[in-house]
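To keep things clear, I will list the structure first and then write my remarks on it.
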Amino acid sequence: MAIHSSIPDCLSPDLVINNGKIITVDKDFSFAEAVAVKGGKIVAVGKEGEIEALRGARTRTLDLKGRVLMPGINDSHMHLAWAIVSVPPWQLDLSYPKVKSIGDMRGLVKEAVLKAAPGEWIVGAGWDQGVIEELAADIARVPGRADLDDISPDNPVWLREFSYHTSFCNTRALEAAGLTKDVPDPAGGVYHRGPGGELDGYLVETANAAIELARPQYAMDQLIEAFHANVGNLGKYGITSCTTASERPRDVNLFSRVYRDALGRDSRFPIRVNMMLLWSDYSIGGACKEIKAALKEVGTATNFGNEWLKIGGIKLFGDGIPPTRTAWLYDPYPDGTCGGLVVPGDTVEEKLEELGRVVDICHDNGYQLAVHATGDRAVDETVRAMARALARDPWDARHYVVHGDFVSEETMELMGRHGIAIATQAELKHVLTDDSIARLGEDVAGNQWPLKQLLDHGVTVCNSSDAPCASPDWRPGMQAAIARESLSGVVSGPHQSLSVEEAIRSYTINGAWLEHMEDVKGSVEAGKYADFCVIGRDITAIDPHGIHDTPIHMTIVGGHVVYSDGVLEIEQ
Ligand SMILES: [Zn+2]
Numbered sequence: 022m023a024i025h026s027s028i029p030d031c032l033s034p035d036l037v038i039n040n041g042k043i044i045t046v047d048k049d050f051s052f053a054e055a056v057a058v059k060g061g062k063i064v065a066v067g068k069e070g071e072i073e074a075l076r077g078a079r080t081r082t083l084d085l086k087g088r089v090l091m092p093g094i095n096d097s098h099m100h101l102a103w104a105i106v107s108v109p110p111w112q113l114d115l116s117y118p119k120v121k122s123i124g125d126m127r128g129l130v131k132e133a134v135l136k137a138a139p140g141e142w143i144v145g146a147g148w149d150q151g152v153i154e155e156l157a158a159d160i161a162r163v164p165g166r167a168d169l170d171d172i173s174p175d176n177p178v179w180l181r182e183f184s185y186h187t188s189f190c191n192t193r194a195l196e197a198a199g200l201t202k203d204v205p206d207p208a209g210g211v212y213h214r215g216p217g218g219e220l221d222g223y224l225v226e227t228a229n230a231a232i233e234l235a236r237p238q239y240a241m242d243q244l245i246e247a248f249h250a251n252v253g254n255l256g257k258y259g260i261t262s263c264t265t266a267s268e269r270p271r272d273v274n275l276f277s278r279v280y281r282d283a284l285g286r287d288s289r290f291p292i293r294v295n296m297m298l299l300w301s302d303y304s305i306g307g308a309c310k311e312i313k314a315a316l317k318e319v320g321t322a323t324n325f326g327n328e329w330l331k332i333g334g335i336k337l338f339g340d341g342i343p344p345t346r347t348a349w350l351y352d353p354y355p356d357g358t359c360g361g362l363v364v365p366g367d368t369v370e371e372k373l374e375e376l377g378r379v380v381d382i383c384h385d386n387g388y389q390l391a392v393h394a395t396g397d398r399a400v401d402e403t404v405r406a407m408a409r410a411l412a413r414d415p416w417d418a419r420h421y422v423v424h425g426d427f428v429s430e431e432t433m434e435l436m437g438r439h440g441i442a443i444a445t446q447a448e449l450k451h452v453l454t455d456d457s458i459a460r461l462g463e464d465v466a467g468n469q470w471p472l473k474q475l476l477d478h479g480v481t482v483c484n485s486s487d488a489p490c491a492s493p494d495w496r497p498g499m500q501a502a503i504a505r506e507s508l509s510g511v512v513s514g515p516h517q518s519l520s521v522e523e524a525i526r527s528y529t530i531n532g533a534w535l536e537h538m539e540d541v542k543g544s545v546e547a548g549k550y551a552d553f554c555v556i557g558r559d560i561t562a563i564d565p566h567g568i569h570d571t572p573i574h575m576t577i578v579g580g581h582v583v584y585s586d587g588v589l590e591i592e593q
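Note that the working numbering gives residue 160 to position 139 of the sequence shown, counting from 1, and the numbers run on in steps of one.
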């Protein structure tokens with residue numbers, strides 16, 4: 022029997038990972054050969070021989086067989102409570118390339134109607150107006166109830182666009198929500214209307230709230246079931262941590278329940294969850310009064326929780342998105358509108374005051390704040406409000422802009438100066454660039470998502486999926502952050518390309534920093550949690566075009582395997 026080392030068994034590592042390349046993502050972006058793990062944490066990182074010397078009789082081995090280990094992906098903006106009920110059979114998948122036309126959607130709805138109980142709601146999401154044939158052929162056309170009523174006269178149908186900012190529904194759904202031609206448009210939204218003023222079933226921004234509130238809510242037991250059934254969709258992509266945004270009180274309840282249940286069963290929690298809360302009636306806006314009232318009751322703030330489940334802060338909506346012309350811009354869209362803030366208020370001034378008030382309330386109550394802002398004007402005003410609060414009362418808040426499609430140079434400087442970060446989705450650069458070039462021209466499109474320039478200004482750039490608005494798969498996003506290629510292959514704004522190191526950081530350590538957790542996760546360093554993603558190619562060395570289909574072999578959270586494709590195995 023070989024004596025492996027002089028270290029007593031109780032102190033030796035549980036697991037040694039070797040025979041591969043370790044992308045540590047430490048300060049120097051160094052590479053290592055092996056890692057030792059004990060009690061869910063990394064105890065050593067180094068050369069093969071150094072780590073081998075720590076081995077005890079009970080130490081198990083993960084032989085990487087030449088594969089590559091990197092820190093687990095930290096997705097810095099997604100919606101976990103939505104994502105778990107946004108896959109079939111919970112709702113219809115209307116995403117491209119499955120759905121390329123309204124005709125395709127009709128086909129899927131027809132099938133669902135056949136299976137549905139009388140009066141049962143049929144919901145779906147994922148259609149993308151940029152690729153829907155009928156909408157591309159006629160830019161004035163919007164989908165509406167006329168597209169659905171003949172195929173679903175009795176079941177309410179509600180089909181949301183991939184970003185969830187617009188949707189269309191049938192007459193039954195409008196009736197269920199009590200919406201008639203007399204209803205005024207809500208603040209920050211539009212009930213689209215036909216020539217006679219009657220609602221046509223196309224809903225923009227806050228107008229979705231009425232339908233959301235009218236449809237039956239899932240019971241807590243159903244949500245728990247959906248969590249267990251679908252959280253694995255994240256592990257499959259190497260995601261070990263996520264910031265989940267726009268979580269309502271009920272969602273906090275859900276995560277707390279599954280977390281407590283996991284502890285009670287002595288089973289493992291599959292992912293580290295950082296919650297950005299939403300405490301207003303509906304996802305858009307963030308009425309001051311409601312947030313103020315909720316904060317008074319809660320009595321906790323940013324960083325309450327533990328390494329598995331914690332309160333990150335509060336997420337608010339500033340504006341909408343460019344494809345639906347709801348992003349707030351300085352220069353008008355071709356139809357003459359400029360979008361606007363979706364916070365309450367009758368005038369721009371009133372809305373700006375409200376935004377400032379909400380930022381102050383969160384900031385003063387010890388909450389980190391994330392604000393959805395896509396248009397240049399919305400980003401400018403959001404950052405100004407955050408910077409004012411930070412200048413008045415500085416603390417390590419790490420407030421941030423979510424999305425940040427267009428950012429002015431002046432605003433980048435302000436962000437750098439006040440430690441205001443950005444959580445963006447690099448994959449959109451790939452998906453939306455052809456459309457952006459057509460609508461905005463090459464120069465403007467080239468500076469959309471100016472990630473390199475943000476880094477140059479000292480802004481922490483964090484990448485994310487925004488699931489379920491997109492797939493949680495980080496690989497196409499990382500490739501897009503580096504290559505900045507459109508769907509048709511146009512390279513747009515190469516001066517804004519990230520290096521592979523910067524791109525990897527944006528999906529790992531920077532996300533950990535955004536969660537105030539860079540000391541305990543986000544890189545492969547001794548003392549940090551053993552959260553890893555094992556991939557099949559050395560993405561630091563290959564042509565970036567090979568990133569999007571790099572195999573993901575294994576995902577490890579706190580030293581435990583939560584996903585494996587079966588290629589590698591931990592040996593006893
Ligand atoms: Zn989002």
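Think of the CB as a built atom: it goes at the ideal place given N, C-alpha and C, for glycine as much as any other residue.
- The nearest non-hydrogen atom of ligand 1 is less than 7 Å from the C-beta of Ala266.
- Judged by their CB atoms, Arg88 and Leu589 are nearer to each other than the 8 Å cut-off.
- Residue Ala399 holds the alpha-carbon nearest to the alpha-carbon of Cys359 among Ala399, Cys383, Gln474 and Tyr223.
- Taking 7 Å as the cut-off, one finds at least one heavy atom of ligand 1 near enough to the beta carbon of Val423.
- Using a Cβ distance threshold of 8 Å, His249 and Pro489 do not count as a contacting pair.
- The criterion of a C-beta distance shorter than 8 Å is not satisfied by Ala408 and Gly334.
- The continuous beta strand (DSSP E) containing Phe189 extends over residues Thr187 to Cys190.
- Using a C-beta cut-off of 8 Å, the stretch 101-113 makes contact with the stretch 142-149, since at least three inter-stretch Cβ pairs fall below that distance.
- In terms of Cβ geometry, Val56 and Val66 form a close pair [threshold 8 Å].
- Annotated three-state conformation of Lys313 is helix, per DSSP.
- Annotation: Ile105 to Pro343 spans about 26 Å, alpha carbon to alpha carbon.
- In the three-state scheme derived from DSSP, where H, G and I count as helix and E and B as strand, Leu390 is classed as strand.
- Relative to the non-hydrogen atoms of ligand 1, the Cβ of Cys490 comes within a distance shorter than 7 Å of at least one.
- It is roughly 51 Å from the alpha-carbon of Asp84 to the alpha-carbon of Ala412.
- The Cβ neighbour count for His566, taken over all protein chains shown within 10 Å, is under 16; the residue is labelled exposed.
- The three-state reading of DSSP puts Thr403 in helix, counting H, G and I together.
- Look at the stretch 435-475 and you find these whole runs of alpha helix (DSSP H), each 4 residues long or longer: 448-461 and 463-467.
- Ranked by how close their Cα comes to the Cα of Arg127, the residues Asn95, Pro164, Ala230 and Lys372 have Pro164 in first place.
- At least one heavy atom of ligand 1 is found less than 7 Å from the C-beta of Asp487.
- Pairwise C-beta distances place the stretch 449-459 in contact with the stretch 468-488, as three or more of them are shorter than 8 Å.
- With a minimum length of 3 residues, the unbroken runs of beta strand (DSSP E) contained wholly in the stretch 541-593 fall at 553-556, 573-578 and 581-585.
- With a contact defined as Cβ atoms closer than 8 Å, Ser518 and Ile503 qualify at about 6 Å.
- By the neighbour-count definition (other C-beta atoms within 10 Å, threshold 16), Lys450 is a buried residue.
- The shortest C-alpha to C-alpha distance from Ile577 to any of Met241, Ala348 and Gly253 is the one to Gly253.
- For Asn531, there is no enclosing beta strand (DSSP E); the enclosing alpha helix (DSSP H) covers residues Ile530 to Leu535.
- In this structure, Arg81 places its C-beta atom within 8 Å of the C-beta atom of Ile591.
- Ranked by Cα distance from Ser97, the options Ile530, Gly510 and Val555 are led by Ile530.
- At least one heavy atom of ligand 1 lies closer than 7 Å to the C-beta of His98.
- Contact between the stretch 349-367 and the stretch 194-212 is present: 3 or more CB-CB pairs across the two stretches fall below 8 Å.
- DSSP places Asp494 outside both helix and strand once states are collapsed to three, so it counts as coil.
- Bounds of the alpha helix (DSSP H) holding Ala230 are Asn229 to Ala235.
- For the 8 Å CB-CB criterion, Ile312 and Val279 do not form a contact.
- The shortest CA-to-CA distance from Pro29 to any of Asn229, Ala74, Gly61 and His537 is the one to Ala74.
- In its chain, beyond the 5 residues on either side, Asp340, Cys359, Gly360, Gly361, Leu362, Gly396, Arg398 and Ala399 have a beta carbon closer than 7 Å to the beta carbon of Trp349.
- For Lys336, the enclosing beta strand (DSSP E) stretches over residues Leu330 to Phe338.
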